[in-house]
Amino acid sequence: MTDRTHTTAVNDTTGAPLWLLAELTYRCPLQCAYCSNPLDFAAVKEELSTEEWMGVLAQARAMGAVQIGFSGGEPLVRQDLETLVAEARRLGFYTNLITSGLGLDEARIKALHAAGLDHIQISLQASDPDVAAAVAGSPKAHAKKLAMARAVKAAGYPMVLNVVLHRHNIDRIDDIIALCDELGADAVELANCQMYGWAHLNREGLLPSHEQLESAEATTARWRERLAERGRDMRLLFVVPDYYAERPKACMGGWGAIFMTVAPDGAVLPCHSARMLPMSFPNVRERGLHEIWYDSEPFNRYRGDGWMREPCRSCDERHKDVGGCRCQAYLLTGDATATDPVCSLSPDHHLIEAARRQAEHGERPMADLTLRNVHESRIFCRA
Amino acid sequence: MMDMIESTSIYRLRPGWRLQWEEAQGRHVLLYPEGMVQLNDSAGAILTQLDGQRDVAGVVANLQARFADAPAAEIERDVHEFLLDAARQGWIRHD
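Protein chains in written order, with this note's numbering: chain A, 1 to 383; chain B, 1001 to 1095.
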């Protein structure tokens, strides 16, 4: 990147939360088996009110947050979405709506546009209705999504499509990219599903084999060449699953570094997965965002490198990858301070290798996936 | 694709992108879907000039007037180089 010539260096002391993810609700008409919402989402009953969200937006913006993602669950379930978007835009946020497309219609697209919404990202499950239905638990969703993707494009929005890849759809990546091309996408995130939340629960049924992954990457590379030849500007972003990386990602750019999630009930998290860690997070109903971000124990717990253990503690790369992901470390080892087992230097890396081996053989039918819904969630709810 | 900047071209930000002064960061930023480019002073000064009506010559003239102490030829070169790079990266487009 030539960014360096035109941009200023970003310092590495605790800065502002530049990114606010507003998870408006855990309610969703779909039941995706890889949903990143917590397993016990059904235990969350009292969503923040419109007024409470207004307060969150104002506080976050005053702290320097500038990108906002309205997410969920399905954010369109909230009838005050347009009101919140308008307020966020008025405050100077760049407003992103991250949606399944269900609940969207021409009237709401118009209303969101009038509210000043900057961008809509629609997720697709697959290129064909059958796989989409099996993974998301809704037979009619696919056609509706395609119609809404077209309507969003027609309304003049930059169209970013997000396709979560897993072992049941990754072999059809050629069709998936062709579909995105036909829809007129400006960018496509081909995001291999990461193993958190419901995806972790369904890991065996979702993780692709190494061969599947390599083939999909090769297909994506061929598409990039073809698109370039046609002069077609559609960016393809291929996100490799952590389980096939040799080094961990610098998760969220670091714990409490630039990213903040506010959950439907007002819990404030350093990322949308962190809720399942064995710690309790502060809530905007009890404390101000500024105090939560800068002074609360949970947000400071994994900042810097003082919390690290070996092999991270003495590793030259510890500031590059910040020890990887705390959630992944906890999910795999039961210890959130462990090195992310994705790292080949981790003493627990064999867990990743075992999962890869498991992905090599055995067909796991899609029907075996546990769908994310209220009924299944109650099993994980503890009083 | 493009290797030089025409003085009569009118550049504008890529549709859906937004240039904004961020008080908290003390700089201009370029905002786009789920991302942000943090700009240095000269990049911010140049992009602020792209109002959808002013052509490249106009941008150069304005900046030369504003930074009268700097050599005029240098400003012109800086503007052309920046616009070329910004166009290559897809930040800006012209009609």
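Cβ coordinates follow ideal geometry from the N, Cα and C atoms, glycine included. Keep in mind that this is a model prediction, so the values were computed, not measured.
C-alpha distance - residue i paired with residue j, whole-angstrom precision
i: Arg222(A); j: Ser215(A); result: 11 Å
i: Asp1069(B); j: Gly1026(B); result: 23 Å
i: Glu189(A); j: Leu165(A); result: 10 Å
i: Ala149(A); j: Pro347(A); result: 45 Å
i: Val322(A); j: Cys251(A); result: 7 Å
i: His319(A); j: Asp305(A); result: 8 Å
i: Pro77(A); j: Glu211(A); result: The question names Pro, yet the displayed sequence has Val at residue 77(A). Cα to Cα, the separation comes out at about 39 Å.
i: Asn283(A); j: Met1004(B); result: 54 Å
i: Pro365(A); j: Arg203(A); result: 13 Å
i: Glu317(A); j: Asp1041(B); result: 32 Å
i: His272(A); j: Leu21(A); result: 8 Å
i: Val135(A); j: Pro278(A); result: 29 Å
i: Ala1065(B); j: Arg1014(B); result: 27 Å
i: Leu146(A); j: Cys180(A); result: 10 Å
i: Asp233(A); j: Glu217(A); result: 19 Å
i: Ala86(A); j: Ala58(A); result: 12 Å
i: Gly1058(B); j: Gly1035(B); result: 29 Å
i: Val1060(B); j: Glu82(A); result: 41 Å
i: Leu39(A); j: His113(A); result: 33 Å
i: Leu1084(B); j: Tyr294(A); result: 40 Å
i: Ala16(A); j: Pro139(A); result: 43 Å
i: Arg357(A); j: Thr370(A); result: 22 Å
i: Pro264(A); j: Met276(A); result: 15 Å
i: Phe281(A); j: Arg287(A); result: 11 Å
Assigned exposure category for residue i - 16 Cβ within 10 Å defines buried
i: Val268(A); result: buried
i: Pro1071(B); result: exposed
i: Pro241(A); result: buried
i: Lys45(A); result: exposed
i: Gln31(A); result: buried
i: Ser123(A); result: buried
i: Ile177(A); result: buried
i: Gln67(A); result: buried
i: Val342(A); result: buried
i: Ala143(A); result: exposed
i: His1028(B); result: buried
i: Ala274(A); result: buried
i: Thr13(A); result: exposed
i: Gly334(A); result: exposed
i: Val163(A); result: buried
i: Leu97(A); result: buried
i: Leu237(A); result: exposed
i: Gln79(A); result: exposed
Neighbourhood of residue i by C-beta distance below 7 Å, restricted to the same chain and skipping five residues each side
i: Gly253(A); result: Phe259
i: Arg1012(B); result: Leu1050, Gly1052, Ile1092, Arg1093
i: Cys312(A); result: Arg318, Gly323, Thr339
i: Phe1067(B); result: Ile1075
i: Asp174(A); result: Thr219
i: Ser1009(B); result: Asp1055, Val1056, His1094
i: Arg61(A); result: Leu91, Gly92, Phe93
i: Leu1019(B); result: Leu1013, His1028, Leu1030, Leu1047, Thr1048
6 Å CB neighbourhood of residue i in its chain, flanking five on each side removed
i: Asp340(A); result: Pro248, Gly324, Cys325, Gln328, Ala329
i: Gln125(A); result: Ala132, Val135, Ala136
i: Val262(A); result: Ala22, Val56, Val268
i: Val160(A); result: Gln121, Ala187
i: Ala1086(B); result: Ile1092
i: Asn169(A); result: Ala126, Val131
Coarse secondary structure for residue i, derived from DSSP in three states
i: Gln194(A); result: coil
i: Trp1021(B); result: strand
i: Tyr1032(B); result: strand
i: Ile1092(B); result: strand
i: Asn96(A); result: strand
i: Val44(A); result: coil
i: Ala187(A); result: strand
i: Ala221(A); result: helix
i: Thr370(A); result: coil
i: Ile120(A); result: strand
i: Met159(A); result: strand
i: Val342(A); result: coil
i: Val262(A); result: strand
i: Trp19(A); result: strand
i: Phe1067(B); result: coil
i: Arg309(A); result: coil
i: Ser273(A); result: coil
i: Tyr1011(B); result: strand
Residues near residue i by beta carbon distance below 8 Å, same chain, minus five either side
i: Trp1017(B); result: Leu1030, Leu1031, Tyr1032, Trp1091
i: Arg167(A); result: Gly205, Leu206, Leu207, Pro208, Ser209, Gln212, Ala359, Arg364
Residue i CB to nearest heavy atom of the ligand GDP below 7 Å
i: Asn202(A); result: The ligand GDP is absent from the structure shown, which contains no ligand whatsoever.
Taking three-plus beta-carbon pairs below 8 Å as touching, is the segment 128-138 of chain A in contact with the segment 104-112 of chain A?
no
Three-pair Cβ contact test at 8 Å for the segment 139-157 of chain A versus the segment 189-199 of chain A:
no
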